[in-house]
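All remarks here apply to the structure that follows.
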Amino acid sequence: MPLSERDLAILAFEAEWRRHAGAKEEAIRADLGMSPARYYQLLGRLIDTAEAQAHDPMLVKRLRRLHDERARARSDSAAGGRSL
Numbered sequence: 011m012p013l014s015e016r017d018l019a020i021l022a023f024e025a026e027w028r029r030h031a032g033a034k035e036e037a038i039r040a041d042l043g044m045s046p047a048r049y050y051q052l053l054g055r056l057i058d059t060a061e062a063q064a065h066d067p068m069l070v071k072r073l074r075r076l077h078d079e080r081a082r083a084r085s086d087s088a089a090g091g092r093s094l
């Protein structure tokens, strides 16, 4: 299935959001018209698709790496900082 206009807008925003003035959450609301929680939910699903990978492989690779690092940090925190 090809990427929707919303999917493309999310990927474009994520690639360029640092150029926006102000907080990322404010820019999400202003530019995309959605809550930050919804944005991150959609982004998380989107970066797991082959279509997003094909559209912008460097961005998706970076976002997957960050996602994995955060998940690992949450797991370590839940385990009391011990390696399992």
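26 is the number that the working numbering gives to position 16 of the sequence shown; each next residue is one higher, with no gaps.
Ideal Cβ positions, reconstructed from N, Cα and C, are used throughout, including at glycine.
Use the C-beta contact count for residue i: other C-beta atoms within 10 angstroms, 16 or more gives buried, fewer gives exposed.
i	result
Ala81	exposed
Leu56	buried
Asp58	exposed
How is the alpha helix (DSSP H) around residue i delimited, first residue to last?
i	result
Gly66	Sequence check: residue 66 is Asp here, not Gly. It is not in any alpha helix (DSSP H) - Asp66 carries neither H nor E in the DSSP assignment.
Arg39	34-42
Arg16	15-26
From the DSSP output, in three-state form, read off residue i for me.
i	result
Asp58	coil
Leu53	helix
Ala89	coil
Pro46	helix
Using C-beta distances below 7 Å, list every residue in its chain close to residue i, excluding the 5 sequence neighbours before and after it, in chain order.
i	result
Ala19	Leu42
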